[in-house]
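Here the protein sequences line up with chains Y and H, keeping their order. Each residue of the first sequence is one higher than the last, beginning at 711 in the working numbering. Each residue of the second sequence is one higher than the last, beginning at 55 in the working numbering. Even for Gly, the Cβ is constructed at its ideal location relative to N, Cα and C. Here the structure is laid out as structure tokens; the discussion comes afterwards.
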Amino acid sequence: MADSTYYVAGAALVGLVLLGINRMSKVATARRGNFLSMLAMALIVAVALVRTGEVGSIPVWACIAATLVVSLIVGARVKMIAMPQAVAILNGLGGLASALAAWVEIGRGGSRFSVISSALAIAVGLVTLSGSLVAAGKLARWFPQRSVRVPLHTPLSLVLVLAIAAFAALANPLWVALASIAFGILFSVRVGGADMPITISLLNSLSGVAAGIAGIAIGDAVLISVGGIVGASGLLLTQIMCRAMNRSLMHILLGSTSARAAEPAPEERPAPEAREGPPLEEIVRAARDVIIAPGYGMALAQAQEHVKALADALAEKGARVRFAIHPVAGRMPGHMNVLLCEAGVPYEQLLEMDEINRDFASCDLAVVVGASDTVNPAANTAEGTPIYGMPILDVQSARHVVILNLDRRPGYAGVPNPLYDRPGAIFLEGDAKETVPRLVKIILA
Amino acid sequence: MRDVHPLVSIALFIASSVVGYLLIKNVPSLLHTPLMSGMNALSGITVIGAIAVTAAAESWFFKAIGLAALAFSMVNIAAGFSVTDRMLSMFRGKEHGDGR
């Protein structure tokens, strides 16, 4: 295939990818958008096979066929609750693929520019791999979610970055690889569980950057272009997540808040003896406008189906039910939405924090399920705490508040939640898988 | 094999990042998980690099490494798009059960 033909075809296919992404901006067209991207990718592979003359290669076809079968089986079986770690593992594989391709490119021996960019692609690709696998392990709870630090963590990381740069300049792929894997591990172990949405977004960005650099090394315009798009997407999500936590990226990467979470949690305070106001039965049955604020606790308890039943029960009693979704609730961007949609909640009821926050003041009842930090009013007042300045769901302004959390301990950030002691707040302690159905029973009784 | 000038390729990388950034900005947070997994599938684009280097590899050793790169990027692509599609199929509206 002539180069000019390839550029035209490549530009058209990158255009198709962009069109697919554009369609992702609305729920109604998102599925078609994903299909367009997939189609573009299939055509890109076909063009690459024809262009390189590999179209008749049996090993290549065998490899494609085998991996397609395996991936489609895995893709159909992975559970929604396991999505964060699944995305992390796939992301790591993408990084590994870029690193391997770049290694082969070095083996071919090209220009100095090509060799150094290949070494960089190996570095970014393997940081993505080891970082993603550690992140996946934390998300799947194969090892502790808390932030882990080794002695001299920051200096060690810096030394590794310098080593990677030096070995890349010397075009020594093996040492680049080892230093990058070590750096990726150091990078991910330090980030604690609740900061995962940011880590995952960042690693997502890195896998795109790795592909883009591999493209620069190999000199393929389509690879460079799509790599850049993916890199930008991950960076944008990272930025959104950081803003939603009111934290700088550097803070999170250095694990500053996570370290606090490792301290022993403050002692449990006894529940207030007597509570003023109407009884729970009356409140939940009389509510006409209800907002539910779910958090990661709901996902942990796997209570999303019960929460859907709760919404149905409230609706049956004549209430308007909506969900308030905090941007960083869960372990990856948008995590709560996927879980609730899987449970059958119509997406129109899922509202972003900015859309719904004003309505808390006028609603009858706010129900918190497994959320603490994202609804903690201390974020507005408690200067010097890790969550100070973080935008929160304005649950405290609701007329009545029912909280269904596992216990009264502070959330991940370790800041006690004054919402629990708000006059009139009702706290149902226990596993949401049991407390939510109990509430449903009360409503329908 | 090298068909793009180094400076052109770096410029292209930056330009694509900017275009991607502007487009992705329009995706609502409701769809951020599928967006991320879709983007993740796209990062398997390195498959064309894998094919190119496998074709150009002179030894069996590097051909095998190239094939491994091909396999990992294919898993990234196929599993990525299939989970994205599954997720998107769950976003159902109030009145219609067909994802409209």
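### Query
Are the CB atoms of residue 841 of chain Y and residue 909 of chain Y nearer to each other than 9 Å?
Counting from 1 along the first sequence, the entry for residue 841 of chain Y is found at position 131. Counting from 1 along the first sequence, the entry for residue 909 of chain Y is found at position 199. Between residue 841 of chain Y and residue 909 of chain Y, the gap from beta carbon to beta carbon is short of 9 Å.
#### Entry: Rounded Cβ spacing between residue 1033 of chain Y and residue 1050 of chain Y (contact assumed at less than 8 Å)
Taking the first sequence and counting its residues from 1, one reaches residue 1033 of chain Y at position 323. Taking the first sequence and counting its residues from 1, one reaches residue 1050 of chain Y at position 340. Between residue 1050 of chain Y and residue 1033 of chain Y the Cβ distance is about 6 Å, and since that is below 8 Å, they are a contact.
### Straight-line gap, residue 856 of chain Y to residue 899 of chain Y (C-alpha atoms, nearest Å)
As a first step, residue 856 of chain Y is located in the first sequence; it is residue number 146 there, counting from the start. As a first step, residue 899 of chain Y is located in the first sequence; it is residue number 189 there, counting from the start. Residue 856 of chain Y and residue 899 of chain Y: Cα-Cα distance of roughly 8 Å.
#### Entry: Buried versus exposed call for residue 974 of chain Y [16 or more other C-beta atoms within 10 Å across all chains shown]
Reading the first sequence from its first residue, position 264 is the one you call residue 974 of chain Y. Residue placement at residue 974 of chain Y is flagged as unreliable, the pLDDT there being 42, under the threshold of 50; the coordinate-derived value follows with that caveat. Counting every other CB atom within 10 Å of its CB across the protein chains shown gives residue 974 of chain Y a total below 16, marking it as exposed.
#### Entry: Cβ contact check for the region 816-836 of chain Y and the region 75-90 of chain H: 3 or more pairs under 8 Å
Too few Cβ pairs lie closer than 8 Å, so no.
### Straight-line gap, residue 960 of chain Y to residue 67 of chain H (C-alpha atoms, nearest Å)
Taking the first sequence and counting its residues from 1, the one referred to as residue 960 of chain Y is at position 250. Taking the second sequence and counting its residues from 1, the one referred to as residue 67 of chain H is at position 13. Those two C-alpha atoms are separated by around 25 Å.
### Query
Is residue 976 of chain Y buried or exposed, if buried means 16 or more other CB atoms sit within 10 Å of its CB?
To locate residue 976 of chain Y, count along the first sequence from 1; it is residue 266. Model confidence at residue 976 of chain Y stands at a pLDDT of 48, short of 50, so the residue's coordinates are unreliable; what they give is reported in the following sentence. Residue 976 of chain Y is exposed by the Cβ-count criterion.
### Task
Note down, one range per segment and in chain order, each alpha helix (DSSP H) of at least 4 residues found wholly within the region 57-115 of chain H.
Fully enclosed alpha helix (DSSP H) runs of 4 or longer: 60-78, 86-96, 100-110.
### Message
Are the CB atoms of residue 870 of chain Y and residue 892 of chain Y within a distance shorter than 9 Å?
### Response
Reading the first sequence from its first residue, position 182 is the one you call residue 892 of chain Y. Reading the first sequence from its first residue, position 160 is the one you call residue 870 of chain Y. Going by beta carbons, residue 892 of chain Y and residue 870 of chain Y fall inside the 9 Å limit.
### Query
Mind checking whether residue 107 of chain H and residue 929 of chain Y have CB atoms under 9 Å apart?
Sequence index remark: in the second sequence, residue 107 of chain H carries index 53 (1-based). Sequence index remark: in the first sequence, residue 929 of chain Y carries index 219 (1-based). No, the Cβ-Cβ distance between residue 107 of chain H and residue 929 of chain Y is not below 9 Å.
### Beta-carbon proximity list for residue 95 of chain H, same chain, < 7 Å, skipping 5 on both sides
Looking up residue 95 of chain H in the second sequence gives position 41. Hits under 7 Å: 130, 131, 134, 135, 138.
### Query
When the Cα atoms are used, what is the spatial distance from residue 864 of chain Y to residue 958 of chain Y?
Walking along the first sequence from the start, residue 864 of chain Y turns up at place 154. Walking along the first sequence from the start, residue 958 of chain Y turns up at place 248. Rounded to the nearest angstrom, the gap between the Cα atoms of residue 864 of chain Y and residue 958 of chain Y is 17 Å.
### Message
At a CB distance below 9 Å, what residues from the region 122-145 of chain H approach chain Y? Give them in sequence order.
### Response
Against chain Y - using a Cβ distance shorter than 9 Å - the residues of the region 122-145 of chain H are 122, 123, 124, 125, 126, 127, 128, 129, 130, 131, 132, 133, 134, 135, 136, 137, 138, 139, 140, 141, 142, 143, 144, 145.
### Task
Using a Cβ-Cβ cut-off of 9 Å, state whether residue 718 of chain Y counts as contacting chain H.
Start at 1 with the first residue of the first sequence, and residue 718 of chain Y comes out as number 8. By this cut-off, residue 718 of chain Y is not an interface position.
### Range of the contiguous alpha helix (DSSP H) that encloses residue 1030 of chain Y
Residue 1030 of chain Y sits at position 320 when you count from the first residue of the first sequence. Taken as a continuous stretch (DSSP letters only), residue 1030 of chain Y belongs to no alpha helix (DSSP H), being part of the beta strand (DSSP E) at 1030-1035.
### Task
Kindly list the residues whose CB is nearer than 8 Å to the CB of residue 92 of chain H, restricted to its own chain and excluding five residues on each side of it in sequence; keep chain order.
If you number the second sequence from 1, residue 92 of chain H lands on position 38. Only 134, 135, 138 meet the Cβ criterion.
### Query
According to DSSP, is residue 880 of chain Y helix, strand or coil?
Here residue 880 of chain Y corresponds to residue number 170 of the first sequence, with the count starting at 1. Annotated three-state conformation of residue 880 of chain Y is coil, per DSSP.
### Message
In whole angstroms, give me the CA-to-CA distance for residue 1126 of chain Y and residue 833 of chain Y.
### Response
Along the first sequence, one-based indexing puts residue 1126 of chain Y at 416. Along the first sequence, one-based indexing puts residue 833 of chain Y at 123. CA-CA distance, residue 1126 of chain Y to residue 833 of chain Y, rounds to 42 Å.
### Message
Please list, in chain order, the chain H residues whose beta carbon lies closer than 8 Å to that of residue 1057 of chain Y.
### Response
The residue given as residue 1057 of chain Y occupies position 347 in the first sequence. Under a criterion of Cβ atoms nearer than 8 Å, the residues of chain H adjacent to residue 1057 of chain Y are, in order, 84, 145, 146, 147.
### Query
Along chain H, which residues have their Cβ under 8 Å away from the Cβ of residue 1045 of chain Y?
By 1-based counting over the first sequence, the position of residue 1045 of chain Y is 335. Going along chain H in sequence order, the residues near residue 1045 of chain Y (Cβ under 8 Å) are 87.
#### Entry: Cβ shell of residue 724 of chain Y (< 7 Å), same chain only, five flanking positions each side left out
Counted from its first residue, the first sequence places residue 724 of chain Y at position 14. Result list for residue 724 of chain Y: 932, 935, 936, in chain order.
### Message
Strictly under 9 Å for the Cβ-Cβ distance: is residue 1010 of chain Y near chain H by that measure?
### Response
If you number the first sequence from 1, residue 1010 of chain Y lands on position 300. Cβ-Cβ to chain H under 9 Å: no for residue 1010 of chain Y.
### Task
Note down, in chain order, each residue of its chain lying with its Cβ closer than 6 Å to the Cβ of residue 1082 of chain Y, except the 5 sequence neighbours on either side.
Position 372 of the first sequence, counted from the start, is the residue given in the question as residue 1082 of chain Y. Contacts found: 1121, 1127.
### Query
What is the DSSP secondary structure of residue 977 of chain Y, reduced to helix, strand or coil?
Here residue 977 of chain Y refers to the residue found at position 267 of the first sequence. Low confidence applies to residue 977 of chain Y: its pLDDT is 49, below 50, so where it sits in the model is not reliable, and the reading given next is rough at best. Three-state DSSP puts residue 977 of chain Y in coil, outside helix and strand.
### Query
Hey, would you say residue 1018 of chain Y sits closer than 9 Å to residue 995 of chain Y, going by beta carbons?
Position 308 of the first sequence, counting from 1, holds the residue named residue 1018 of chain Y. Position 285 of the first sequence, counting from 1, holds the residue named residue 995 of chain Y. Taking 9 Å as the Cβ cut-off, residue 1018 of chain Y and residue 995 of chain Y do not qualify as a contacting pair.
### Task
Check residue 1077 of chain Y in the structure and name its three-state DSSP category.
Counting from 1 along the first sequence, the entry for residue 1077 of chain Y is found at position 367. Three-state result, residue 1077 of chain Y: strand.
### Message
Below 7 Å on C-beta distance, what does residue 77 of chain H contact in chain Y?
### Response
To locate residue 77 of chain H, count along the second sequence from 1; it is residue 23. Correct list: 728, 731, 732.
### Query
Are there three or more Cβ pairs, one per stretch, closer than 8 Å when the region 876-891 of chain Y is compared with the region 920-929 of chain Y?
Judged by Cβ distances under 8 Å, the region 876-891 of chain Y makes no contact with the region 920-929 of chain Y, as fewer than three pairs qualify.
### Message
Please state the DSSP three-state secondary structure of residue 1137 of chain Y.
### Response
Start at 1 with the first residue of the first sequence, and residue 1137 of chain Y comes out as number 427. Here residue 1137 of chain Y sits in strand by DSSP.
### Query
Grouping DSSP H, G and I as helix and E and B as strand, with all else coil, what is residue 989 of chain Y?
Start at 1 with the first residue of the first sequence, and residue 989 of chain Y comes out as number 279. Correct three-state label for residue 989 of chain Y: coil.
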